[in-house]
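Some notes on the structure that comes next.
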Amino acid sequence: MNSSRPRLTFALGLGTLAAPCATFVGGAADAGTTPQCTNADLHATYRHADDAAGHSFGHLVLRNVSDHACHIRGFGGLSYVGDGNGTQIGAAADRDHSTPVRTHVLQPGDRVRSLVDETRAGNVGRHRCRPAAVDGFRVYVPDASVSQFVRHATTGCRNDAVHLISHRAYR
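This is the structure in structure tokens:
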């Protein structure tokens, strides 16, 4: 996480929205008997939740769309993309480690969420930011090498030294 970036420490009433929908796996043996979720097992969506003080908050949601249980743990990858062709806009999301990393078993239809904090590009000087239209997110599920596109129109910064996005571990 970029320590020069201001962080909000209040919850904004998101606690009930961040509640897990998956089953916590008690130990490594449990996760070992259930295959790891792959990109093909999960469908990514984004849901806006709140706005405050130059930030926008929402949840990246992964839903098990397969016909079998699988497990997921930790962070995936997240970045803005644009130009109508999937070009990455700015820096990839920082990982916010304020939530413990846990393993979750997802039955078919179950969901896990990652809280996403977006700093508005307008908070950064125009010259430093180099504003650009964002078409959406590129989302990598944990340990995947293939991404999914999730539509999310906003403004990002072409300067990859500017970190506008952070997200928490899936829960």
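For the sequence shown, our numbering assigns the number 865 to the initial residue and increments by one for each residue that follows.
Glycine is no exception: its CB is placed at the ideal position from the N, C-alpha and C atoms.
Predicted model only: the values in this text are computed from it and were never measured.
Identity of the residues DSSP links to residue i by a beta bridge
{"i": "His-912", "result": "Gly-922"}
{"i": "Asp-960", "result": "Arg-1032"}
{"i": "Cys-934", "result": "Leu-970"}
{"i": "Thr-983", "result": "His-919"}
{"i": "Gly-941", "result": "Tyr-1004"}
DSSP state of residue i mapped onto helix, strand, coil
{"i": "Ala-997", "result": "strand"}
{"i": "Arg-1023", "result": "Residue identity check: residue 1023 is Asn in the sequence provided, not Arg. Here Asn-1023 sits in coil by DSSP."}
{"i": "Ala-1008", "result": "coil"}
{"i": "Ala-1017", "result": "strand"}
{"i": "Ser-868", "result": "Low local confidence applies: a pLDDT of 38 at Ser-868 is under 50, so the model's placement there is unreliable, with the coordinate-based value given in what follows. Looking at Ser-868 - three-state DSSP - the assignment turns out to be coil, as it is neither helix nor strand."}
{"i": "Asn-949", "result": "coil"}
Contact under 7 Å by Cβ, residue i with residue j
{"i": "Tyr-1004", "j": "Ile-936", "result": "no"}
{"i": "Ala-997", "j": "Arg-1022", "result": "no"}
{"i": "Arg-927", "j": "Arg-975", "result": "yes"}
Residue i Cβ short of 6 Å to the ligand SAM heavy atom set
{"i": "Tyr-944", "result": "The ligand SAM is not among the ligands present in this structure, which contains no ligands whatsoever."}
Cβ shell of residue i (< 7 Å), same chain only, five flanking positions each side left out
{"i": "Val-1014", "result": "Ala-908, Thr-909, Tyr-910, Gly-1000, Phe-1001 and Val-1003"}
{"i": "Arg-1032", "result": "Asp-960, Ser-962, Thr-963, Ser-978 and Leu-979"}
Beta-carbon proximity list for residue i, same chain, < 8 Å, skipping 5 on both sides
{"i": "His-919", "result": "Leu-872, Asp-981, Glu-982, Thr-983 and Arg-984"}
{"i": "Pro-972", "result": "Asn-928, Val-929, Ser-930, Asp-931, His-932 and Ala-933"}
Contact set for residue i: own chain, Cβ-Cβ below 6 Å, skip 5 residues either direction
{"i": "Gly-1050", "result": "A question about residue 1050 goes unanswered here, because the residues of the chain that appear run from 865 up to 1035."}
{"i": "Thr-1018", "result": "Val-998"}
{"i": "Gln-1012", "result": "Ala-908 and Val-1003"}
Does the region 1015 to 1026 come into contact with the region 946 to 966, if we say contact requires no fewer than three beta-carbon pairs (one atom in each stretch) closer than 8 Å? yes
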